[in-house]
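> Please read through the structure below; I'll follow up with questions.
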């Protein structure tokens, strides 16, 4: 491949990129930003839901382990319950987006 062919390909790629940028600039930036924050909010709430349910379930299990001296069984059982509950809650949060 000659240098001229490579230069032509680079110019074509640059022109294509300029066209994409121009199309992006013409779109409604406020709506894009609103959609971005909506998506970030959903992802954040999903992560927080799963993590918080797991942590709370683990501490409940640790408390029950101390009370009934069943270390580590209640912690493990409650942790799995927290994972299941977090997954169920995440599914419920995603429900409107899955339809």
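In my numbering, the protein residues as written are 15 to 113. All residues carry an ideal CB built from backbone N, CA and C; glycine is no exception. These numbers come from a predicted model, not from an experiment.
I'd like the list of long-range same chain contacts for residue 95, defined as Cβ closer than 7 Å, with 5 residues on each side in sequence excluded.
By 1-based counting over the chain shown, the position of residue 95 is 81. Closer than 7 Å at Cβ, skipping near neighbours: 71.
> Where does residue 53 land, buried or exposed, given buried means 16+ other C-beta within 10 angstroms?
Within the chain shown, numbered from 1, the residue matching residue 53 stands at position 39. So residue 53 ends up on the exposed side.
> Take residue 73 as the anchor and find which of 93, 82, 58 and 84 has the nearest alpha-carbon.
On the chain shown, position 59 is the one that residue 73 refers to. Residue 73 has its Cα closest to that of 93, out of 93, 82, 58 and 84.
> Could you tell me the distance, in whole angstroms, from the CA atom of residue 36 to the CA atom of residue 30?
Along the chain shown, one-based indexing puts residue 36 at 22. Along the chain shown, one-based indexing puts residue 30 at 16. Answer to the nearest angstrom: the Cα atoms are 10 Å apart.
> Give a yes or no on whether the C-beta atoms belonging to residue 98 and residue 63 are separated by under 8 Å.
Working through the chain shown from its first residue, we reach residue 98 at position 84. Working through the chain shown from its first residue, we reach residue 63 at position 49. Their beta carbons are not under 8 Å apart, which means residue 98 does not touch residue 63 by this criterion.
> Residue 107 and residue 59: beta carbons closer than 8 Å?
In the chain shown, residue 107 corresponds to position 93, counting from 1. In the chain shown, residue 59 corresponds to position 45, counting from 1. In terms of Cβ geometry, residue 107 and residue 59 form a close pair [threshold 8 Å].
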